[in-house]
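Asker: Once you've had a glance at the structure underneath, I'll fire off some questions.
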Amino acid sequence: MSGARWRGALAAFAVTIGLGGCDGRFPSGWAYVSGVSSDAATVVWTGADGGRASCRGPGGATLDGSATRRGRGLQVMRLEGLAPSTRYVCRLGAAAGTVRFRTAPAADEPFTFAAVGDTGDGSREAAALARRILAGRPAFLVHLGDMAYPSSRAPTLDARFFRPYRRVLARVPLFPTPGNHDLGGRSAYGDLFAPIAGGEPPGGPHYAFQWGAAHLVSVSSSEFSGAEGGDPEWLAGDLARAAARPWRIVFLHEPPFTAGVKRIVPGLRRHLEPVLEAGHVDLLLAGHSHLYERAEPACTVVPGARVLEVVSGGGGANLDPAPAPHPNFPRGLAATHYLRVRVAPEAIDVRAVALSGHVLDHARRRRGESPACRAEGWPAPRDR
């Protein structure tokens with residue numbers, strides 16, 4: 001399917017789930033910052049007092065920007081002309097409170113970001129993990145999907161994402177990718193996170209951004225599971241344009257490979273994996289399986305590829321059984337955790353961090369190295 005046809009189909013889908021099946025205003029007090037670059041940011045919040053929102057930079061200088069109403073009480077403010085590696089503060093009214101963020105660096109400065117998936121079970125462990133993430137002071141948070149169970153309707157998003165992650169979102173920019181539970185019927189996801197994708201239809205699905213030495217891409221895994229395979233041309237073109245970046249990182253919800261009990265969508269591996277390998281993706285982050293899993297670098301299509309896949313779906317207490325030992329997966333365990341990823345021009349460090357702060361696993365990729373990869377022996381794809 002062409003990009004134009006694909007975007008038109010998604011727009012119709014988003015209208016169906018975002019407007020027709022999910023009436024009413026969003027609860028007041030939601031707030032997050034996204035679309036952050038070295039010179040811009042997007043602030044999103046819910047509430048009726050958008051006219052009183054204001055943002056300030058160093059020395060208390062007031063920033064130019066006005067809130068735009070998106071319906072259902074959603075307010076959006078795009079800030080431009082910002083300075084790199086600089087802290088800003090936005091006061092969004094009584095309900096949404098205050099958010100703080102730091103812009104991306106202009107140069108390839110080292111940074112650390114957090115990634116977590118499948119946080120939406122409403123457990124005490126999920127809330128405690130949010131506090132652990134905040135304590136790590138990441139530059140930004142990548143959410144790997146399934147923010148709320150059983151679906152991302154407004155009431156469940158309020159109780160199972162925005163409340164436990166309120167303090168995180170007040171200080172850490174958010175870059176999400178949709179999970180299968182986020183895009184179900186009556187989901188609020190498409191409307192709520194539409195501002196992240198800029199010119200894309202509501203909800204995205206794909207977007208990319210730069211931070212330091214890394215080029216990062218969010219991919220909607222559900223779009224690659226059908227017979228037509230989503231929009232591989234968009235992703236291939238984006239990765240080609242990022243060829244000069246030291247590191248290319250892709251994040252999505254459903255992984256192409258897992259030894260766990262969850263399904264492996266056949267279309268995802270058939271349509272997406274060749275694009276990832278041909279685009280020389282260094283790191284692939286996924287959720288969906290409620291566990292931690294690190295695979296050997298994959299080269300199933302392109303012999304020179306070295307795609308390191310890490311599954312991090314242990315964002316709550318509802319864990320899958322630990323996977324059985326498998327030669328293509330050197331590490332797999334059932335534990336509540338998040339990923340702390342350190343990116344520098346010369347290396348990427350990935351650490352799985354438990355609720356206690358203990359490091360469960362550690363992997364490192366050095367720029368220019370050629371580790372052994374696995375072309376065969378992966379678990380067979382299955383629909384269920």
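As numbered in the working numbering, residues 1 to 384 make up the sequence shown, in order. Each residue gets a CB set at the ideal place from its N, CA and C atoms; glycine is no exception. Note that the coordinates shown come from a computational prediction; the quantities given were computed from them, not determined experimentally.
Excluding sequence positions up to five away, which residues of its chain have a Cβ less than 8 Å from the Cβ of Ala-240?
Answerer: As a position in the sequence shown, residue 240 is number 240, starting the count at 1. Result list for Ala-240: Gly-279, in chain order.
Asker: Does the beta-carbon distance from Phe-224 to His-271 come in below 7 Å?
Answerer: For the purposes of this step, residue 224 is identified with residue 224 of the sequence shown, where counting begins at 1. For the purposes of this step, residue 271 is identified with residue 271 of the sequence shown, where counting begins at 1. Cβ atoms of Phe-224 and His-271: closer than 7 Å.
Asker: Looking at Phe-193 and Pro-176, is the spacing between their C-beta atoms short of 7 Å?
Answerer: Stepping through the sequence shown from its first residue, residue 176 is reached at position 176. Stepping through the sequence shown from its first residue, residue 193 is reached at position 193. Contact: yes.
Asker: Ordered along the chain, which non-local residues of its own chain (more than five positions away) have a Cβ less than 7 Å from that of Arg-167?
Answerer: In the sequence shown, the residue the question calls residue 167 occupies position 167. Leu-134, listed in sequence order.
Asker: Tell me which residue opens and which closes the beta strand (DSSP E) that Thr-46 is part of.
Answerer: Position 46 of the sequence shown, counted from the start, is the residue given in the question as residue 46. Note, Thr-46: beta strand (DSSP E), 40-46.
Asker: When the Cα of Gly-237 is compared with those of Arg-263, Pro-246, Gly-260 and Tyr-207, which residue comes out closest?
Answerer: Indexing the sequence shown from 1 puts residue 237 at position 237. Gly-237 has its Cα closest to that of Tyr-207, out of Arg-263, Pro-246, Gly-260 and Tyr-207.
Asker: Starting from Tyr-398, trace the alpha helix (DSSP H) in both directions and tell me its first and last residue.
Answerer: Missing from the structure shown is residue 398; the chain here goes from 1 to 384 and no further.
Asker: With distances taken between CB atoms, is the gap from Ala-126 to Ala-31 smaller than 7 Å?
Answerer: By one-based count along the sequence shown, residue 126 stands at place 126. By one-based count along the sequence shown, residue 31 stands at place 31. Their beta carbons are not under 7 Å apart, which means Ala-126 does not touch Ala-31 by this criterion.
Asker: I'd like to confirm the pairing. Which residues does DSSP put opposite Ile-249 in its beta bridges?
Answerer: Along the sequence shown, read from residue 1 onward, the residue named residue 249 stands at position 249. Partner(s): Leu-216 and Leu-283.
Asker: Is DSSP giving Arg-131 helix, strand or coil here?
Answerer: Start at 1 with the first residue of the sequence shown, and residue 131 comes out as number 131. Three-state DSSP puts Arg-131 in a helix.
Asker: Put Phe-257 into one of helix, strand or coil per three-state DSSP.
Answerer: As a working note, residue 257 is residue 257 in the sequence shown. Phe-257 falls in the coil class under three-state DSSP.
Asker: Can you tell me which of the three DSSP states Gly-203 falls into?
Answerer: By 1-based counting over the sequence shown, the position of residue 203 is 203. For Gly-203, the pLDDT reaches just 41, beneath the cut-off of 50, and the residue's location in the model is therefore unreliable, although a value from the coordinates is still provided. Reduced to three states, the DSSP call for Gly-203 is coil.
Asker: Which one of Gly-190, Pro-232 and Arg-245 has the shortest CA to CA distance from Gln-210?
Answerer: Residue numbering aside, residue 210 sits at position 210 when the sequence shown is read from its first letter. Ranking the options by Cα distance to Gln-210, first place goes to Arg-245.
Asker: Using only alpha-carbon positions, find the residue among Ala-363, Val-341 and Trp-378 that is nearest to Leu-112.
Answerer: As a working note, residue 112 is residue 112 in the sequence shown. Contrary to the premise, residue 112 reads as Thr rather than Leu in this sequence. The shortest C-alpha separation from Thr-112 is found at Val-341.
Asker: Within 10 angstroms of its Cβ, does Val-458 collect 16 or more other Cβ (buried), or is it exposed?
Answerer: Since the first residue of the chain shown is 1 and the last is 384, residue 458 is not available in this structure.
Asker: Would you list the one or two residues that DSSP bridges to Asp-349?
Answerer: As a first step, residue 349 must be located in the sequence shown, where it is residue number 349. BP columns for Asp-349 point to Arg-342 and Arg-364.
Asker: Return the first residue and the last residue of the beta strand (DSSP E) that Gly-57 is part of.
Answerer: Looking up residue 57 in the sequence shown gives position 57. That residue, Gly-57, is in no beta strand (DSSP E); it is neither H nor E in DSSP.
Asker: In three-state DSSP terms, what is Gly-35?
Answerer: Counting from one through the sequence shown, the residue named residue 35 turns up at place 35. Residue state, collapsed to three classes: coil.
Asker: Inspect the beta-carbon positions of Ala-286 and Pro-266 and report whether they are closer than 7 Å.
Answerer: Numbered from its first residue, the sequence shown carries residue 286 at position 286. Numbered from its first residue, the sequence shown carries residue 266 at position 266. In this structure, Pro-266 does not lie closer than 7 Å to Ala-286 by Cβ.
Asker: With three or more beta-carbon pairs closer than 8 Å as the criterion, would you say the region 85-105 touches the region 291-303?
Answerer: In short, these stretches do not touch, since the Cβ pair count stays below three.
Asker: Along the chain, which unbroken stretches of the beta strand (DSSP E) at least 3 residues long are found entirely within the region 297-344?
Answerer: Qualifying beta strand (DSSP E) stretches, in chain order: 308-312, 331-333 and 337-344.
Asker: Please tell me whether Leu-252 and Ser-221 are closer than 7 Å, where the distance is taken between their beta carbons.
Answerer: Along the sequence shown, read from residue 1 onward, the residue named residue 252 stands at position 252. Along the sequence shown, read from residue 1 onward, the residue named residue 221 stands at position 221. In this structure, Ser-221 lies closer than 7 Å to Leu-252 by Cβ.
Asker: For Gly-314 versus Ala-295, is the C-beta distance shorter than 7 Å?
Answerer: Numbered from its first residue, the sequence shown carries residue 314 at position 314. Numbered from its first residue, the sequence shown carries residue 295 at position 295. Contact: no.
Asker: Give the straight-line distance between the Cα atoms of Ala-347 and Arg-367, rounded to the nearest whole angstrom.
Answerer: Counting from one through the sequence shown, the residue named residue 347 turns up at place 347. Counting from one through the sequence shown, the residue named residue 367 turns up at place 367. Going by the C-alpha atoms only, they are around 6 Å apart.
Asker: Rounded to a whole number of angstroms, what is the C-alpha to C-alpha distance between Tyr-189 and Ser-123?
Answerer: The residue you call residue 189 lines up with position 189 of the sequence shown. The residue you call residue 123 lines up with position 123 of the sequence shown. Cα to Cα, Tyr-189 sits roughly 21 Å from Ser-123.
Asker: Does the separation of the CB atoms of Leu-74 and Thr-46 fall below 7 Å?
Answerer: Within the sequence shown, the letter at position 74 stands for residue 74. Within the sequence shown, the letter at position 46 stands for residue 46. Taking 7 Å as the Cβ cut-off, Leu-74 and Thr-46 qualify as a contacting pair.
Asker: Is Leu-319 a contact residue of the ligand ATP, with contact defined as CB to any heavy atom under 6 Å?
Answerer: Only the bare structure without any ligand can be found here, which leaves the ligand ATP out of the picture.
Asker: Between which two residues does the alpha helix (DSSP H) holding His-271 run?
Answerer: Within the sequence shown, numbered from 1, the residue matching residue 271 stands at position 271. Its alpha helix (DSSP H) spans residues 266-271.
Asker: Would the beta-carbon of Val-33 fall within 7 Å of that of Met-77?
Answerer: To locate residue 33, count along the sequence shown from 1; it is residue 33. To locate residue 77, count along the sequence shown from 1; it is residue 77. The answer is no: Cβ separation not under 7 Å.
Asker: Which residues mark the beginning and the end of the beta strand (DSSP E) in which Arg-294 is found?
Answerer: Reading the sequence shown from its first residue, position 294 is the one you call residue 294. Per DSSP, Arg-294 belongs to the beta strand (DSSP E) from 292-294.
Asker: Identify, in the order they occur along the chain, each residue of the same chain with its Cβ nearer than 8 Å to the Cβ of Ala-170, setting aside the five sequence neighbours on each side.
Answerer: Counted from its first residue, the sequence shown places residue 170 at position 170. Hits under 8 Å: Ala-31, Gly-97, Thr-98, Val-99 and Arg-100.
Asker: Expressed to the nearest angstrom, what Euclidean distance is found between the alpha-carbon atoms of Gly-68 and Ile-196?
Answerer: Start at 1 with the first residue of the sequence shown, and residue 68 comes out as number 68. Start at 1 with the first residue of the sequence shown, and residue 196 comes out as number 196. The sequence as given places Thr at residue 68; Gly does not occur at that position. Cα to Cα, the separation comes out at about 14 Å.
Asker: Any contact between the region 325-335 and the region 358-377? By contact I mean 3 or more CB pairs, one from each, below 8 Å.
Answerer: Output reads yes: the region 358-377 touches the region 325-335.
Asker: Compute the Euclidean distance between the alpha carbons of Arg-364 and Asp-349, then round it to the nearest angstrom.
Answerer: Stepping through the sequence shown from its first residue, residue 364 is reached at position 364. Stepping through the sequence shown from its first residue, residue 349 is reached at position 349. So the two alpha carbons sit approximately 5 Å from each other.
Asker: Any idea if Val-385 is buried or exposed, counting beta-carbon neighbours within 10 angstroms, 16 or more meaning buried?
Answerer: Outside the modelled stretch of the chain, which goes from 1 to 384, sits residue 385, for which no answer is possible.
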